[in-house]
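Trainee: My questions all concern the structure below.
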Amino acid sequence: MAATGSEKQGAKAFYVTTPIYYVNDAPHLGHAYTTVAGDVLTRWHRQRGEKVWYLTGTDEHGQKIMRTAEANDVTPQAWCDKLVEEAWKPLWEHLNIANDDFIRTTQKRHTDRVQEFVQDLYDKDEIYKGGYEGPYCVGCEEYKLPGDLIEAEDGTKLCAVHKKPVEILKEENYFFKLSAYGPKLLEFYEANPGFIQPESARNEVVNFVKQGLEDLSISRSTFDWGVPVPWDEKHVIYVWIDALLNYATAVGYNENPAKFDETFPANVHLIGKDILRFHAVIWPAMLMAQGLPVPGRVAANGWLMVGGEKMSKSNLTGIKPQDLTSHFGVDAYRWYFLRAIAFGQDGSFSWEDFTARYTSELANDYGNLASRVAAMVGKYFGGALPAATADGDAEKAIHEGLAKAVSVADVKIGEELDFQGGILAIFDFVKQVNGYITEQEPWKVAKDESEEGRARLATILYTAAESLRAVAVLLNPIMPETSQALWESLGAEASLGTLAAQPVQSAATWGQLPAGATVTKGAVLFPRLEEPKKD
-19 MAATGSEKQG
-9 AKAFYVTTPI
1 YYVNDAPHLG
11 HAYTTVAGDV
21 LTRWHRQRGE
31 KVWYLTGTDE
41 HGQKIMRTAE
51 ANDVTPQAWC
61 DKLVEEAWKP
71 LWEHLNIAND
81 DFIRTTQKRH
91 TDRVQEFVQD
101 LYDKDEIYKG
111 GYEGPYCVGC
121 EEYKLPGDLI
131 EAEDGTKLCA
141 VHKKPVEILK
151 EENYFFKLSA
161 YGPKLLEFYE
171 ANPGFIQPES
181 ARNEVVNFVK
191 QGLEDLSISR
201 STFDWGVPVP
211 WDEKHVIYVW
221 IDALLNYATA
231 VGYNENPAKF
241 DETFPANVHL
251 IGKDILRFHA
261 VIWPAMLMAQ
271 GLPVPGRVAA
281 NGWLMVGGEK
291 MSKSNLTGIK
301 PQDLTSHFGV
311 DAYRWYFLRA
321 IAFGQDGSFS
331 WEDFTARYTS
341 ELANDYGNLA
351 SRVAAMVGKY
361 FGGALPAATA
371 DGDAEKAIHE
381 GLAKAVSVAD
391 VKIGEELDFQ
401 GGILAIFDFV
411 KQVNGYITEQ
421 EPWKVAKDES
431 EEGRARLATI
441 LYTAAESLRA
451 VAVLLNPIMP
461 ETSQALWESL
471 GAEASLGTLA
481 AQPVQSAATW
491 GQLPAGATVT
501 KGAVLFPRLE
511 EPKKD
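So the sequence shown is numbered by the numbering used here: it starts at -19 and just counts up by one.
Take a look at the structure:
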């Protein structure tokens, strides 16, 4: 997306990251949920006129990837290349994700810097050689503590996340002195209460660290698919150390100091709650050990549930985003999950709920409002937007309602990551405009052909059209395609410029649509849904 004129060169970018996703399989709704949330957040900040950097990518090392590749009779690199180019990147393009970079952990720009980072820690005596034996989950790529395990009916120990048996591994490893950073982390959490969100996630991490940290095994010697430990190539660097460092390597760590200084650290790391400890404990400890700044916030979203189970490939509840976008459309898809689920909480998906919300809020409340207003401007004023010359208390209430919606949405989305709350504020305003039209009855006012009647009709329709202009600006980060279509139908493209260049705060400035703008009734923003085909 093009930079806006108000961005300050050299200023710290608003830097947002998603997790880098394992490429053991194609992406599902859970991956897309986090990535869309990051896209909406960064688009919002771009429309504030801020300098923004949005990073996503793929995690391509580790035992899980190696085993998946072997099962498909290809090399790990060939498997990663295929999945990235045929599944991951095409999906983000399909969902209109405006990421600034896509990092792959097999890229040289990453692997070289990972070795340098780990070598620096080794030289600082932050890493030592030792041995370890314990239960290991290949799916999590993590040694498990006793409290992380559940027991099957036959007594087998299972990973609580994947519900699969753990393996008992014994190997010689290199260890990072994580235990030394417990007090520093607790002090940091106390001084920065907003570092971990939501509050439940913060409490979990604080309690975990208070119990005492163990040193962290940061190498593996039982397989070779990974970044070699620079001083001992019989070992590869633990995949999570490798993966976490993408947030630094992608923005110029040890390679482009200017880029690094104006981007790092991340303002927001968006993650799933199952990888919370890696990001809220291990990552800041690594940065502290290296003397680098700690991120601003780690925001853990909840799990998407289907039938009471976390959505994933391993438990067969994975659903392709394309299954939904082909029926509801991409914009509705982007809107639905952020509207229906409070970010940070678990949420259940159902086809029926999506259908009901689409029909009620998008098609009936929003789409129908846009169609009605355009049709009436066409019918009563030949498609030329009339001037408002007879404002009264009803219009004042609309002006105030818009100002409130913009203020609330800007804080909710831009600061609090409460996407649901921000979207609700915008749609409360849409409902208010619908109520305004119902109460003012322009179709009846149109029968009064007096000068006062025409002035009143013009004011009603201008008020409705100007309200839609503001709604297009506010919904652009969430639903860019339909917002663009509405923008053009209002004649704003010709009179006000591109939609992407409109600051979100400007939505509250009343009266931007000029009288005389050409309003056209375009295609229906949210068409009536067809019945899904049954197998």
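Don't be surprised by glycine CBs; every beta carbon is placed ideally from N, CA and C. Quick caveat: nothing in here was measured; it's all calculated off a predicted structure.
Give a yes or no on whether the minimum CB-CB distance between T202 and chain C is below 8 angstroms.
Mentor: Of the chains in the structure shown, none is chain C; there is only one protein chain.
Trainee: Whole angstroms is fine: what's the gap from E375's alpha carbon to Q420's?
Mentor: Going by the C-alpha atoms only, they are around 10 angstroms apart.
Trainee: Report yes if the C-beta distance between G381 and K392 is below 8 angstroms; otherwise report no.
Mentor: The answer is no: Cβ separation not under 8 angstroms.
Trainee: Look at the alpha carbon of P115 and the alpha carbon of A487, and state the distance between them as a whole number of angstroms.
Mentor: Going by the C-alpha atoms only, they are around 55 angstroms apart.
Trainee: Going by the DSSP bridge assignment, what does T498 pair with across the sheet?
Mentor: Paired residues: A364.
Trainee: Comparing alpha-carbon positions, which option in D398, P366, A364 and I406 lies nearest A383?
Mentor: The candidate whose alpha carbon is nearest that of A383 is I406.
Trainee: Hey, quick one: how far does the alpha helix (DSSP H) through I378 stretch, first residue to last?
Mentor: Looking at the DSSP string, the run of the alpha helix (DSSP H) that includes I378 is D373 to G394.
Trainee: Roughly how many angstroms separate the alpha carbons of K88 and Q177, rounded to a whole number?
Mentor: Straight-line Cα distance between these residues: approximately 33 angstroms.
Trainee: Is the beta carbon of V248 sitting closer than 8 angstroms to the one on F240?
Mentor: Not closer than 8 angstroms, so no.
Trainee: Where does L6 fall in DSSP's three states?
Mentor: Looking at the sequence provided, one finds Ala at residue 6 rather than Leu. If DSSP states are grouped into helix, strand and coil, A6 belongs with coil.
Trainee: Which of helix, strand or coil does DSSP assign to H249?
Mentor: If DSSP states are grouped into helix, strand and coil, H249 belongs with the strands.
Trainee: Please report how far the alpha carbon of E147 lies from the alpha carbon of C117, in whole angstroms.
Mentor: Distance between the alpha carbons of E147 and C117 is about 6 angstroms.
Trainee: Write down every uninterrupted run of the alpha helix (DSSP H) in the region 138 to 171 whose length is 4 residues or greater and which is fully enclosed by it, in chain order.
Mentor: Those alpha helix (DSSP H) runs which fall completely within the region 138 to 171 and span 4+ residues are 162 to 171.
Trainee: Do the region 198 to 205 and the region 29 to 38 touch if we need at least three Cβ pairs shorter than 8 angstroms?
Mentor: The region 198 to 205 vs the region 29 to 38: no contact.
Trainee: Could you tell me which residues DSSP pairs with N234 in its beta bridges?
Mentor: N234 is not bridged to any residue.
Trainee: In three-state terms, what does DSSP make of R84?
Mentor: It is a strand residue.
Trainee: Where are the beta strand (DSSP E) runs, 3 residues long or more, that stay fully inside the region 40 to 128, in chain order?
Mentor: As far as the region 40 to 128 is concerned, its whole beta strand (DSSP E) runs of at least 3 residues are 81 to 84 and 107 to 117.
Trainee: Determine contact between the region 332 to 343 and the region 307 to 316, defined as no fewer than three beta-carbon pairs at a distance below 8 angstroms.
Mentor: Touching, yes, given that three or more Cβ pairs across the two stretches are closer than 8 angstroms.
Trainee: Tell me the rounded alpha-carbon separation between S199 and V(-4).
Mentor: Straight-line Cα distance between these residues: approximately 28 angstroms.
Trainee: Only counting the same chain, and skipping five residues up and downstream in sequence, which positions put a Cβ closer than 7 angstroms to that of D371?
Mentor: Only T439 meet the Cβ criterion.
Trainee: Suppose contacts are defined by Cβ-Cβ distances below 8 angstroms. Is S447 in contact with I403 by that definition?
Mentor: Contact flag unset, no.
Trainee: To the nearest angstrom, how far is it from the Cα of W283 to the Cα of I251?
Mentor: So the two alpha carbons sit approximately 11 angstroms from each other.
Trainee: Relative to the alpha-carbon of Y316, which residue among Q325, L304 and I262 has its alpha-carbon at the smallest distance?
Mentor: The shortest C-alpha separation from Y316 is found at L304.
Trainee: Locate the beta strand (DSSP E) running through H215, then write down its first and last residues.
Mentor: Segment D212 to I217, the beta strand (DSSP E) holding H215.
Trainee: Using the rule of at least 16 other Cβ atoms within 10 Å of the residue's Cβ for burial, across every protein chain shown, is P7 buried or exposed?
Mentor: Per the 10 Å Cβ criterion, buried.
Trainee: Exposed or buried, which one is A132 when buried takes at least 16 other CB atoms within 10 Å?
Mentor: Counting Cβ neighbours within 10 Å, A132 comes out exposed, since fewer than 16 surround it.
Trainee: Does DSSP put L284 in a helix, a strand or coil?
Mentor: The answer is strand: DSSP assigns L284 an E or B state.
Trainee: Please report the distance separating the alpha-carbon of R436 from that of V484.
Mentor: In a straight line, the C-alpha of R436 is about 29 angstroms away from that of V484.
Trainee: Have a look at the DSSP bridge pairing and note the partners of V(-4).
Mentor: Bridge partners of V(-4): Y34 and V248.
Trainee: How is R277 classed by DSSP in three states: helix, strand or coil?
Mentor: Correct three-state label for R277: coil.
Trainee: As a quick exercise: from A280, N344 and V388, pick the residue whose alpha carbon is nearest that of G18.
Mentor: Nearest C-alpha to G18: A280.
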